[in-house]
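**Q**
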Amino acid sequence: METPKTLAPAQIEMLGQGRHSDPAVPGLCLKVDDKGRRTWWYRRRIARAKTIITKQLGAFPAFSIAAARQWAMQLNEATQRGENPLAIQRAEAVRTAMTLDKAHQA
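First residue of the sequence shown: 1, per the UniProt record's numbering; consecutive thereafter.
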């Protein structure tokens, strides 16, 4: 089945196996596997770089269309500034872990 011009819950339920891009938000897609599971993914090239980032949000309907779009738009803002949101997330995780480690030592 071809990806519709807009994604609505009823249309998502009818999508066949494959990757279906959301026409409303660049980089956001819904992957439907052979068992019919639907998972939100983000894939986009960072501005002025050769790096392509790929990140999984989670399953539909646990993450609604609106939530997935908001998540992808935030990632788009970072990639358009030339930032790598995955690197930022990793750095934040390291910073948080170091803070927790220091708290346990105190």
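Virtual Cβ for every residue (Gly too), placed ideally from N, Cα, C.
1) Please go through the UniProt domain "Integrase DNA-binding" (22–91) and give each complete beta strand (DSSP E) segment of 3 or more residues, from N-terminal end onward.
2) Kindly identify the DSSP beta-bridge partner or partners of R95.
3) Exposed or buried, what is P85 when buried is set at 16 or more other beta-carbons lying within 10 Å of its beta-carbon?
4) Report the rounded CA-to-CA distance for P26 versus F63, giving the unit in angstroms.
5) Counting along the chain, where does the alpha helix (DSSP H) carrying Q11 start and finish?
6) CA-CA distance, E13 and L57?
7) Please report how far the alpha carbon of T79 lies from the alpha carbon of D22, in whole angstroms.
8) Quick test of your reading: L75 and K55, contact by CB under 8 Å. State the CB separation rounded to the nearest angstrom.
**A** This is what the structure gives:
1) Correct list: 28–32, 38–45 and 52–59.
2) For R95, which the question treats as bridged, DSSP gives no partner whatsoever.
3) Buried, because 16 or more other Cβ atoms sit within 10 Å of the Cβ of P85.
4) Roughly 18 Å separates the two Cα atoms.
5) For Q11, the uninterrupted alpha helix (DSSP H) run begins and ends at P9 to M14, by DSSP.
6) Those two C-alpha atoms are separated by around 18 Å.
7) For T79 and D22, the distance between alpha carbons rounds to 17 Å.
8) Indeed, because the Cβ distance is near 7 Å, the residues count as touching under 8 Å.
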